[in-house]
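Notes follow the structure.
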Amino acid sequence: MSLKKRLEQGEPVVGTFVHLFSPALIEMIGYAGFDFIVIDNEHGGFTDNDLEHLIRAAEISQTVPIVRVSSNPDSIQKALDRGAKGIQVPMVNSKADAELIVRRAKFPPIGNRGTTYSIRPAKYGKTGGRDYLEQANDELLIIAQIESEEGANHLESILSVPDIDVAFIGPLDLAISNGFEGSQDAEIIAQVRELAERAKAVKKPVGTIAPTKHAIHDVLQNGFSFVVGVTNSMIYESLDGYISNWKSSHEK
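Structure, rendered in structure tokens:
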């Protein structure tokens, strides 16, 4: 069953942001059992070829490749033409923003994404035509990031756009836009939970970050079904713990 269908049926899924160009790391994430990866092309420094190699590694290890696109208008087309099964779009602040995303991401008649059959998703020309276009439109997962006061104020209108599939609440940017330095202030935690309730009220799956492995349970308990870790943080935590344990043993 596709990731999109699983979310539609209320099943929780767990993935992680990837900021490093390492196909081997992507394979390890897939083999570890993560449902999806989010290749971060907003904050990561990936070329178009990098995206293709990372997407291919995700497919090999049977995890779903999603790309968090950059602010470049062409980044949606580039990610999808390289085989991304979903896009995660930062700073969606209005219904007009959401409608523009759908137009760029979906083939006609829903949107105006440019068409070619010589790309990886169409097996370089082996497949094509109306069946391919309809399947691509049906299977594509579109995740709108709500991470500003403007986006929070327009949550329901953003989610009223039919082809926006998931609301992703970005706590850190939401905190910064409210004048806080971090996302652990009680006011921000309460706002994130309130936004989750509003998204669920309009029957849309809602996601956020689980910054550590210990946070996953709390995130799921608060009604989030699209849970994303941060691979850099996981790696650093493991490395730091390894050295800390060694130093502790050595000092004894």
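Numbering that gives the first Met the number 0 numbers the first residue of the sequence shown as 0 and each following residue consecutively. Don't be surprised by glycine CBs; every beta carbon is placed ideally from N, CA and C.
For the options G127, P108, F223 and E148, the alpha carbon positioned closest to that of S117 is the one of G127. In the structure shown, I118 falls within a coil segment according to DSSP collapsed to helix, strand and coil.
Annotation: N48 to K3 spans about 26 Å, alpha carbon to alpha carbon.
G178 is positioned such that its CB atom lies no closer than 7 Å to that of T15.
Excluding the 5 residues flanking it on each side, E98 has same chain C-beta neighbours closer than 8 Å at V160, in chain order. In the three-state reduction of the DSSP assignment, A83 falls in the coil class. Secondary structure note for Q183: it is in no beta strand (DSSP E), with a DSSP letter that is neither H nor E. Our two residues, T115 and F106, have alpha carbons roughly 11 Å apart in a direct line. In the DSSP annotation of this structure, L99 is not part of any beta strand (DSSP E); the continuous alpha helix (DSSP H) holding it starts and ends at K94 to A104.
Runs of alpha helix (DSSP H) with 4 or more residues, each lying fully within the segment 190 to 240, are found at 215 to 220, listed in chain order.
A straight line joining the alpha-carbon of N221 with that of N40 spans about 28 Å. For the pair F20 and T62, the CB atoms are not nearer than the 7 Å cut-off. If you look at R55, you'll find it isn't in any beta strand (DSSP E); it sits in the alpha helix (DSSP H) that goes D47 to I59. Spatial neighbours of I168 in its own chain (CB-CB distance under 6 Å, excluding positions within 5 residues in sequence) are listed in chain order as I145, V191, L194 and T207. The C-beta distance from V101 to V88 rounds to 10 Å, too long to meet the 8 Å contact threshold.
In the DSSP assignment, R67 is bridged to D39 and Q87. Comparing alpha-carbon positions, the option among G32, A214, N244 and P210 lying closest to S232 turns out to be P210.
Here G150 is buried, its C-beta having at least 16 other C-beta atoms within 10 Å.
Apart from sequence neighbours up to five positions away, the residues of its chain that approach I187 with a beta-carbon distance below 7 Å are P170, L173, A174, N177 and F179, ordered along the chain.
Going by DSSP, L158 is part of the alpha helix (DSSP H) stretching over L154 to L158. By the criterion of a C-beta distance shorter than 7 Å, G113 is surrounded in its chain by Q76, once the five residues flanking it on both sides are discounted.
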